[in-house]
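For the sequence shown, my numbering assigns the number 4 to the initial residue and increments by one for each residue that follows. Some notes on the structure that comes next.
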Amino acid sequence: MTTADFIDLFATPIAGGVGGFLGMLFVAKDKGFTPKMAVGVGFAVAVVLFAYKLATR
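This is how it looks when you write it as structure tokens:
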């Protein structure tokens, strides 16, 4: 596994998880969701993207 493969495998899920988390934080203020829900969504997005990256290698 090259460095570029390693970065591609892990950076996409991390970025997606952070994006999902931040998106939920903005929604949480308006819709009454808790920060724990935002963490859960961010983690779920990261896991799904990581599984997708592993499956399509």
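For glycine and all other residues, C-beta sits at the position ideal for the given N, C-alpha and C. It should be emphasised that the depicted structure is a prediction, and the values quoted were computed from it without experimental measurement.
- Around the C-beta of residue 38, fewer than 16 other C-beta atoms lie within 10 Å, and the residue is accordingly described as exposed.
- Proximity of the region 51–58 to the region 10–24 meets the contact definition, three or more beta-carbon pairs being nearer than 8 Å.
- Within the same chain, no Cβ atom closer than 6 Å to the Cβ of residue 7 is found once the five residues on either side in sequence are excluded.
- Nearest C-alpha to residue 25 among 60, 46, 59: 46.
- Remark: C-beta atoms of residue 50 and residue 23 do not approach each other more closely than 8 Å.
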